Amino acid sequence: MPTSLNRTKLWSIGGGKGGIGKSLVTLGLGVALARLGKKVILIDGDLGGANLHTLMGVRYPHVTLEHFLTKKVTRLEDTIIESAVEGIGLICGADDLMGAANPTFAQKIRLLRQIEELPAQYVLFDQGAGTSFNTLDFFNFSGGKIALFTSQTTSLQNAYGFIKSALYRKLSRDFAKDDEVLQLLYQGGEGGTGNNFSTIQDLLDHFKEAKPEKHARLTQALWDFHLFLVVNMVKSNADLKAPEIINSVCRDFLNIQPDIMGHVLFDAGIEAAIGQMVPFPLHQKKSKAMVGLDQIALRLVKHSRLPRVAWQGVREASEEEALPLDAIITHPSGS
91 MPTSLNRTKL WSIGGGKGGI GKSLVTLGLG VALARLGKKV ILIDGDLGGA NLHTLMGVRY
151 PHVTLEHFLT KKVTRLEDTI IESAVEGIGL ICGADDLMGA ANPTFAQKIR LLRQIEELPA
211 QYVLFDQGAG TSFNTLDFFN FSGGKIALFT SQTTSLQNAY GFIKSALYRK LSRDFAKDDE
271 VLQLLYQGGE GGTGNNFSTI QDLLDHFKEA KPEKHARLTQ ALWDFHLFLV VNMVKSNADL
331 KAPEIINSVC RDFLNIQPDI MGHVLFDAGI EAAIGQMVPF PLHQKKSKAM VGLDQIALRL
391 VKHSRLPRVA WQGVREASEE EALPLDAIIT HPSGS
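Quick note on numbering: my numbering labels position 316 of the sequence shown as 406, and the sequence is numbered without any gaps.
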């Protein structure tokens, strides 16, 4: 069974919206960690639209997640391919597998368990776009959760929607057998006028006196949801306010306070590197983006040493038990 010691090495980079640079940040962060002497494995978790291998300069991977999910190979470790960067292994996404974007529960658990056994100090999981249950579950399983976004209004909205969806998905799983909590979570997700549970704090207040054991469980679940914020493609000082906006909304409506992990500068040279299929940190000696990613890597190493609660396994919730995503991502309070 995976432990807290193992979990601290697994970091997911998500954000809900496509086009915000998740794959590029995953790549750059991996390079930064490798330059610190760490053994790193990158996983393209975009099951259905994989592109991390292209950014790493691999045109036609000979083995991908498809081979593992369909049991053509027994061990996930056997899908690792070498990259152009010393110290970095790559597991390519399964964009050619019919149904790969929606693996079965058994496939998902098998994948998650074997991720923990990979021969690396750090595993970086590049999440696909959107808020599918599988994307949220992979994100929630990770000991380190990085929400990535840009300063654009639509990106901020999508980032908050992704964070809220991930948190509510976690809570709906943690309390899958508690109809009372599930119903109140659903009410909070629906929002609207007259709703007494528009924030997570409302839920905590409801249970604090009447049912302190549920209050304690909710508090623990919120603590377990340890989140880090990174703003990408920064062009001005004004863009640096974006993480504070997300942090404030998360604190007010979700009762969590993410850590601001850093920012990544906009780097015009990345486009040329992509066109030449060269990992962008290797394309130019002084990449503007890598300045911030080097700092984020140092913070990641520091935070990875923090103890987290041991993973106790998950039970697959039915679609009826899980909250409908369209009810919880339209507005900070759900309305």
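The beta carbon of each residue, even a glycine, is placed where N, CA and C say it ideally should be. Please read these numbers as outputs of a predicted model, since none were measured by experiment.
Assign residue i to buried or exposed, taking buried as 16 or more other Cβ atoms, counted over all protein chains shown, within 10 Å of its Cβ.
| i | result |
| --- | --- |
| residue 168 | exposed |
| residue 161 | exposed |
| residue 127 | exposed |
| residue 325 | exposed |
| residue 300 | exposed |
| residue 341 | exposed |
| residue 273 | exposed |
| residue 108 | exposed |
| residue 198 | buried |
| residue 344 | buried |
| residue 263 | buried |
| residue 250 | buried |
| residue 259 | buried |
| residue 269 | exposed |
| residue 387 | buried |
| residue 212 | buried |
| residue 157 | buried |
| residue 338 | exposed |
| residue 327 | exposed |
| residue 310 | exposed |
| residue 383 | buried |
| residue 330 | exposed |
| residue 283 | Legend: pLDDT at residue 283 = 45, less than 50; position of this residue unreliable, value from coordinates given subsequently. Exposed is the call here. |
| residue 207 | exposed |
Return the bridge partner residues of residue i from the DSSP annotation.
| i | result |
| --- | --- |
| residue 215 | 102 and 133 |
| residue 235 | 102 and 317 |
| residue 350 | 319 |
| residue 324 | 355 |
Rounding to the nearest angstrom, what Cα-Cα distance links residue i and residue j in this structure?
| i | j | result |
| --- | --- | --- |
| residue 99 | residue 294 | 31 Å |
| residue 180 | residue 172 | 6 Å |
| residue 333 | residue 113 | 20 Å |
| residue 102 | residue 120 | 12 Å |
| residue 165 | residue 287 | 45 Å |
| residue 364 | residue 302 | 54 Å |
| residue 350 | residue 235 | 12 Å |
| residue 261 | residue 366 | 44 Å |
| residue 177 | residue 130 | 6 Å |
| residue 215 | residue 257 | 18 Å |
| residue 143 | residue 376 | 23 Å |
| residue 370 | residue 247 | 28 Å |
| residue 209 | residue 201 | 15 Å |
| residue 380 | residue 358 | 12 Å |
| residue 241 | residue 111 | 13 Å |
| residue 322 | residue 356 | 7 Å |
| residue 104 | residue 203 | 20 Å |
| residue 193 | residue 228 | 12 Å |
| residue 254 | residue 395 | 26 Å |
| residue 232 | residue 275 | 23 Å |
| residue 346 | residue 317 | 8 Å |
| residue 125 | residue 290 | 41 Å |
| residue 134 | residue 170 | 11 Å |
| residue 223 | residue 312 | 19 Å |
| residue 150 | residue 141 | 11 Å |
| residue 230 | residue 159 | 20 Å |
| residue 174 | residue 152 | 15 Å |
| residue 362 | residue 372 | 12 Å |
| residue 243 | residue 336 | 11 Å |
Is residue i near the ligand HEM, judged by its Cβ being under 8 Å from some heavy atom?
| i | result |
| --- | --- |
| residue 154 | Here there are no bound small molecules, and the ligand HEM is not part of this structure. |
Would you grab the beta carbon distance between residue i and residue j for me? Rounded to a whole angstrom, and I think it's under 8 Å.
| i | j | result |
| --- | --- | --- |
| residue 320 | residue 238 | 5 Å |
| residue 123 | residue 146 | Contact doesn't hold; Cβ gap of about 15 Å is too wide. |
| residue 304 | residue 297 | 4 Å |
| residue 183 | residue 225 | Not a contact, Cβ separation roughly 12 Å. |
| residue 115 | residue 354 | 6 Å |
| residue 106 | residue 266 | With a Cβ gap of about 23 Å, residue 106 and residue 266 do not count as contacting. |
| residue 252 | residue 221 | 6 Å |
Any beta carbon of chain B sitting closer than 9 Å to that of residue i?
| i | result |
| --- | --- |
| residue 340 | Absent from the structure is chain B; it holds one protein chain and no more. |
- Of all the alpha helix (DSSP H) runs that stay within the bounds of the stretch 143-217, which reach a length of 4 or more residues? 155-159 and 195-205
- Length-filtered (3 minimum) beta strand (DSSP E) runs lying within the stretch 243-285: none
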